[in-house]
Amino acid sequence: MTFIYENIDYFKEIFYESEKLISAFDGCIRLELMKDVNNECTFFTISYWQSEEKLNSYRDSYLFKNTWSKVKPLFSEKALAWSLFPDHLK
C-alpha cells in the first residue's frame with residue numbers, strides 16, 4: 001500500500017487501533033505491519049491465517065469493510081494484495 005505522505009500517521013493510527021481486533025479474529029494467527037526500506041510511503045501488511053476460508057470470512061466481515069473504508073482513501077495509488085501459501089502444501 002502506498003500512501004500520500006501526509007496520510008501516513010493517520011494510516012498508522014487506524015492500523016494500530018485495528019490490529020488487536022484483527023489479530024483476535026477467528027483464524028488469524030499473526031499480523032504484521034512492514035515498511036519499504038526505499039519508500040517511506042509504502043507499507044505492507046502480512047497476515048497469517050489458519051485457512052483460506054478463515055481469511056475470506058475476515059474479508060467478508062464488518063471489521064474488514066469498516067477498516068478498509070477508512071484506509072482506502074489515504075492511498076496515492078491502487079493497493080495490491082496477494083494470498084500466498086507455502087509451496088509444500090500444493
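When the letters of the sequence shown are read in order and numbered with the working numbering, they come out as residues 1 to 90. Glycine residues also receive a C-beta, built at the ideal position from the N, C-alpha and C atoms.
Residue i classed as buried or exposed, judged by whether at least 16 other C-beta atoms fall within 10 angstroms
| i | result |
| --- | --- |
| residue 169 | With the chain represented from 1 up to 90, any question about residue 169 goes unanswered, as that position is not in the structure. |
| residue 34 | exposed |
| residue 82 | exposed |
Endpoints, beta strand (DSSP E) assigned at residue i
| i | result |
| --- | --- |
| residue 35 | 28-35 |
| residue 49 | 43-49 |
Contact belief for residue i with residue j at Cβ below 8 Å, rounded distance in angstroms
| i | j | result |
| --- | --- | --- |
| residue 26 | residue 47 | Wrong, their Cβ atoms sit about 13 Å apart, outside the cutoff. |
| residue 31 | residue 40 | Wrong, their Cβ atoms sit about 21 Å apart, outside the cutoff. |
Beta-carbon proximity of residue i to residue j, cut-off 7 Å
| i | j | result |
| --- | --- | --- |
| residue 42 | residue 2 | yes |
| residue 22 | residue 70 | no |
| residue 4 | residue 76 | yes |
| residue 74 | residue 11 | yes |
Beta carbon proximity, residue i to chain C, threshold 7 Å
| i | result |
| --- | --- |
| residue 68 | The question asks about chain C, but that chain is absent: this structure has only one protein chain. |
Continuous alpha helix (DSSP H) stretch holding residue i: start and end
| i | result |
| --- | --- |
| residue 12 | 8-23 |
| residue 62 | 62-71 |
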